[in-house]
Amino acid sequence: MKRSSSHRALQYGRSAALGCVVLLLLVAGVLSSWDSAHHIVLAKGREHGTMTVTGCGSEVCTGPYTPADGGAARSRVSVEKSVAAKKGDRFPVVVKPDTFEVVRTGTPGFLHAWMPLGGALVLAGLVIGGGLRLPRVGWGAGIAGGALLVATFIAL
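This is the structure:
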């Protein structure tokens with residue numbers, strides 16, 4: 000049975016709309032991740048040191064900062080709260096320029112910074128596999144995102 004041109008146009012329009020949704024999810028994941036990740040990925044020339052957690056609120060943990068390269072020590076800096084930060088923990092950080100905010104470095108910090116992209120990949124995998132009818136690509140995106148989320152959970 001031959002399909003009408005309007006049916007084909009509808010399918011192309013549906014595929015284009017779902018492709019835009021996938022693109023929006025992935026761009027949002029990258030931009031959300033890059034906000035913290037660029038301090039880790041492009042850390043050359045930034046202040047590196049160690050933070051000791053002395054207390055945690057609902058969104059941030061605070062504590063003193065000890066520089067690794069002879070910079071200025073700070074009595075109080077803040078880091079985004081994660082499930083792994085407890086009072087007394089010490090971990091390597093890099094200071095965001097001109098602030099008292101720090102970002103955790105090393106493998107756990109790198110993975111934690113890219114967590115929003117992992118979630119976006121899982122969601123995009125559902126749209127790719129189910130909506131665009133590309134199950135192998137969908138499974139690949141979903142597994143990559145899930146692996147990133149699991150690796151972050153294990154590293155922290």
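The C-terminal residue of the sequence shown carries number 155 in numbering that gives the first Met the number 0, and the numbering is unbroken.
Even glycine gets a Cβ: it sits at the ideal position worked out from N, Cα and C.
Counting Cβ pairs, one atom from each stretch, are 3 or more of them under 8 Å apart for the segment 82-90 and the segment 53-61? yes
What first and last residue would you give for the beta strand (DSSP E) that runs through residue 78? If you number the sequence shown from 1, residue 78 lands on position 79. Here the beta strand (DSSP E) through residue 78 covers 73-79.
Beta-carbon contacts of residue 64 that lie in its chain and below 6 Å, excluding the five residues immediately before and after: What you label residue 64 is simply residue 65 of the sequence shown in a count that begins at 1. Around residue 64: 48, 50, 73, 76.
Residue 66 (DSSP reduced to helix, strand or coil): Position 67 of the sequence shown holds residue 66. If DSSP states are grouped into helix, strand and coil, residue 66 belongs with the strands.
So residue 106 is in the alpha helix (DSSP H); what residue range does that whole segment cover? Within the sequence shown, the letter at position 107 stands for residue 106. Element bounds for residue 106: 105-112.
Just to check my reading of the structure: residue 144 and residue 124 have Cβ atoms closer than 8 Å, yes? What is that Cβ distance to the nearest angstrom? Along the sequence shown, read from residue 1 onward, the residue named residue 144 stands at position 145. Along the sequence shown, read from residue 1 onward, the residue named residue 124 stands at position 125. Right, their Cβ atoms sit about 6 Å apart.
Kindly identify the DSSP beta-bridge partner or partners of residue 94. Taking the sequence shown and counting its residues from 1, one reaches residue 94 at position 95. Answer by DSSP bridge pairing, in chain order: 101.
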